[in-house]
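Residue numbers (the numbering used here): 26 to 403. Backbone N, C-alpha and C define an ideal beta-carbon position, used for all residues, glycine too. For clarity, every value in this text was computed on a predicted model and none was experimentally measured.
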Amino acid sequence: MKLNRFWAISRKEFLHIIRDPRSLGMAIAIPMILLVLFGYALTLDVDSVPIVVWDQNESEMSREFISRFTGSRYFSLKAQVSNYRDIERAIDSGKAFAALIIPTDFDRRINSGRRVSTQLIVDGSDSNTATITIGYVDTVAFNYSSDLVIRQIERIGGSHGISNPVDLRPRAWFNADLESKNSIVPGLIAVIMMVIAALLTSLTVAREWERGTMEQLISTPVSGSELIFGKLFPYFAIGMFDVLIAVLMGEFLFQVPLRGSAGLLFAMAAIFLTGALSLGIVISILARTQLLASQLAMVVTFLPSFLLSGFVYAIDNMPQAIQVMTYFIPATYFVTLLKGIYLKGVGLEVLILEAVLLTLFGIVMVILANVGFNKKLE
Numbered sequence: 026m027k028l029n030r031f032w033a034i035s036r037k038e039f040l041h042i043i044r045d046p047r048s049l050g051m052a053i054a055i056p057m058i059l060l061v062l063f064g065y066a067l068t069l070d071v072d073s074v075p076i077v078v079w080d081q082n083e084s085e086m087s088r089e090f091i092s093r094f095t096g097s098r099y100f101s102l103k104a105q106v107s108n109y110r111d112i113e114r115a116i117d118s119g120k121a122f123a124a125l126i127i128p129t130d131f132d133r134r135i136n137s138g139r140r141v142s143t144q145l146i147v148d149g150s151d152s153n154t155a156t157i158t159i160g161y162v163d164t165v166a167f168n169y170s171s172d173l174v175i176r177q178i179e180r181i182g183g184s185h186g187i188s189n190p191v192d193l194r195p196r197a198w199f200n201a202d203l204e205s206k207n208s209i210v211p212g213l214i215a216v217i218m219m220v221i222a223a224l225l226t227s228l229t230v231a232r233e234w235e236r237g238t239m240e241q242l243i244s245t246p247v248s249g250s251e252l253i254f255g256k257l258f259p260y261f262a263i264g265m266f267d268v269l270i271a272v273l274m275g276e277f278l279f280q281v282p283l284r285g286s287a288g289l290l291f292a293m294a295a296i297f298l299t300g301a302l303s304l305g306i307v308i309s310i311l312a313r314t315q316l317l318a319s320q321l322a323m324v325v326t327f328l329p330s331f332l333l334s335g336f337v338y339a340i341d342n343m344p345q346a347i348q349v350m351t352y353f354i355p356a357t358y359f360v361t362l363l364k365g366i367y368l369k370g371v372g373l374e375v376l377i378l379e380a381v382l383l384t385l386f387g388i389v390m391v392i393l394a395n396v397g398f399n400k401k402l403e
């Protein structure tokens with residue numbers, strides 16, 4: 026491969042990108058927009074759950090119990106109601122997601138040392154939020170019950186007092202506040218890179234076929250490898266710039282710090298980007314029209330990368346057959362690498378397997394693009 030021919034093709038592609046606002050916008054603006062939209066919109070955290078309360082007891086104890094919810098950032102008290110009809114209207118209209126019903130004998134049963142049952146009604150149409158909400162309420166109720174037991178025992182024991190026999194102090198490593206954005210933002214970088222890179226190159230080459238300019242390039246003394254790498258290089262450079270912007274946005278916009286090696290992150294990103302861009306070439310070989318190329322690129326990249334890479338859904342929770350499929354999705358390894366470098370701050374001593382498999386993906390895609398493109402030229 027002669028460098029002067031390679032640079033000539035790359036220069037032509039750079040000029041085309043600069044002169045075409047759509048290509049430039051897709052290459053730079055769209056990844057940033059997607060990162061902002063998904064980064065803010067896609068969250069697994071549940072905060073400020075709107076609730077209504079029917080306090081049938083109206084005692085000091087019941088008011089203290091309610092205050093445990095109103096004092097938490099996880100709940101937002103919308104109204105005090107007085108019957109089931111009000112609860113039904115609040116949940117049906119979406120004003121409330123849950124309703125807490127405190128029975129009339131709440132304080133009496135507690136003071137007599139008996140168990141009291143409170144009812145929680147949740148909107149089951151959103152099963153994920155409902156499950157998380159029930160967990161939050163269980164935690165609040167457990168903490169309130171523990172405080173009551175300790176108070177009662179301290180009263181009986183006088184000045185001796187008592188402490189909780191089991192004091193559980195959970196600590197989450199790598200994501201102390203358990204904020205979903207800390208795991209979503211690194212995964213988003215992988216998904217967006219995969220989709221945009223494959224889409225860009227598939228559309229670029231398909232456009233050459235549609236306009237008939239590919240035949241002109243073929244007639245020049247340029248080899249298939251020089252043509253492929255010359256076309257890929259501008260998008261590779263733009264893709265690496267996108268990675269830099271994404272890392273900076275993660276740091277300053279989403280407050281997701283990069284704990285590991287920036288050099289390792291960019292090295293892995295370069296390998297992944299090379300494979301994704303080459304995949305776009307393979308797609309363009311199969312589809313000579315931009316419409317078909319864009320459809321194929323979205324189906325082949327977005328859906329598997331989003332759903333099966335471990336970005337949103339844990340792979341261990343998937344059926345065994347689906348877990349096997351995830352091994353063939355390159356974004357799976359890049360997502361693992363990004364989370365390891367970003368959140369855990371680990372290096373190749375831990376992530377060597379993912380790095381090797383990602384490199385294998387890049388090599389295979391480059392070979393397929395070269396072989397397929399040369400056969401197409403023949």
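Legend entry - Residue span of the alpha helix (DSSP H) that contains residue 280, given as start and end: Element bounds for residue 280: n/a, residue is neither H nor E.
Inset, instruction - Counting only the same chain and skipping the five closest in sequence on each side, list residues whose C-beta sits under 8 Å from that of residue 140. - result: 134
Legend entry - Limits of the beta strand (DSSP E) - the one that residue 79 falls within: 74-80
Inset, instruction - Let me know the alpha helix (DSSP H) ranges lying completely inside the stretch 253-303, each 4 residues or longer, listed in chain order. - result: none
Inset, instruction - Would you grab the beta carbon distance between residue 383 and residue 296 for me? Rounded to a whole angstrom, and I think it's under 8 Å. - result: 6 Å
Legend entry - Backbone CA spacing between residue 178 and residue 91 [nearest angstrom]: So the alpha carbons of these two residues sit roughly 23 Å apart.
Inset, instruction - Tell me residue 147's beta-bridge partners as DSSP assigns them. - result: 123
Inset, instruction - For residue 335, decide whether its Cβ has a neighbour in chain B, counting only Cβ atoms nearer than 9 Å. - result: Although the question refers to chain B, the structure presented lacks it and comprises just one protein chain.
Legend entry - Same chain, Cβ closer than 8 Å to residue 108, five either side skipped, listed in chain order: 79
Inset, instruction - Note the first and the last residue of the continuous beta strand (DSSP E) segment covering residue 101. - result: 100-105
Inset, instruction - Look at residue 393 and residue 322 and say whether their C-beta atoms are less than 9 Å apart. - result: no
Inset, instruction - Please list the segments of the beta strand (DSSP E) lying wholly inside the stretch 201-236, counting only runs of 3 or more residues, in order along the chain. - result: none
Inset, instruction - Would you decide whether residue 387 is buried or exposed? Buried here means 16 or more other CB atoms lie within 10 Å of its CB. - result: buried
Legend entry - Backbone secondary structure at residue 343 - three-state DSSP: Correct three-state label for residue 343: coil.
Inset, instruction - Closer than 8 Å by C-beta to residue 98: which residues in its own chain qualify, once you throw out the five before and the five after it? Chain order, please. - result: 72 and 73
Legend entry - 9 Å Cβ cutoff met for residue 231 and residue 318: The Cβ-Cβ distance between residue 231 and residue 318 falls below 9 Å.
Inset, instruction - With a 10 Å radius around its C-beta and 16 neighbouring C-beta atoms as the bar for buried, classify residue 253 as buried or exposed. - result: Under this definition residue 253 is a buried residue.
Legend entry - Reference residue 447, options 42, 200, 45 and 64, closest by Cα: Nothing in the structure corresponds to residue 447, since the chain is present only between 26 and 403.
Inset, instruction - In the DSSP assignment, find the unbroken alpha helix (DSSP H) run with residue 57 in it and report its ends. - result: 55-66
Inset, instruction - Inspect the beta-carbon positions of residue 354 and residue 268 and report whether they are closer than 9 Å. - result: no
Legend entry - Element boundaries [alpha helix (DSSP H), containing residue 109]: Counting along the chain, the alpha helix (DSSP H) containing residue 109 begins and ends at 109-118.
Inset, instruction - Please report the residue range of the alpha helix (DSSP H) in which residue 132 lies. - result: For residue 132, the uninterrupted alpha helix (DSSP H) segment begins and ends at 131-136.
Legend entry - Neighbour-count burial assignment, residue 158, 16 or more Cβ in a 10 Å radius: Buried: at least 16 other Cβ atoms inside 10 Å.
Inset, instruction - Locate the alpha helix (DSSP H) running through residue 38, then write down its first and last residues. - result: 28-44
Inset, instruction - Have a look at 106, 273 and 358 and flag the residue whose alpha-carbon is nearest the alpha-carbon of residue 379. - result: 358
Legend entry - 6 Å Cβ shell around residue 281 - same chain, five flanking residues per side excluded: Counting only Cβ-Cβ distances below 6 Å, and skipping sequence neighbours, we find 207, 210 and 275.
Inset, instruction - Assign residue 223 to one of two classes, buried (16 or more other C-beta atoms within 10 Å of its C-beta) or exposed (fewer than that). - result: buried
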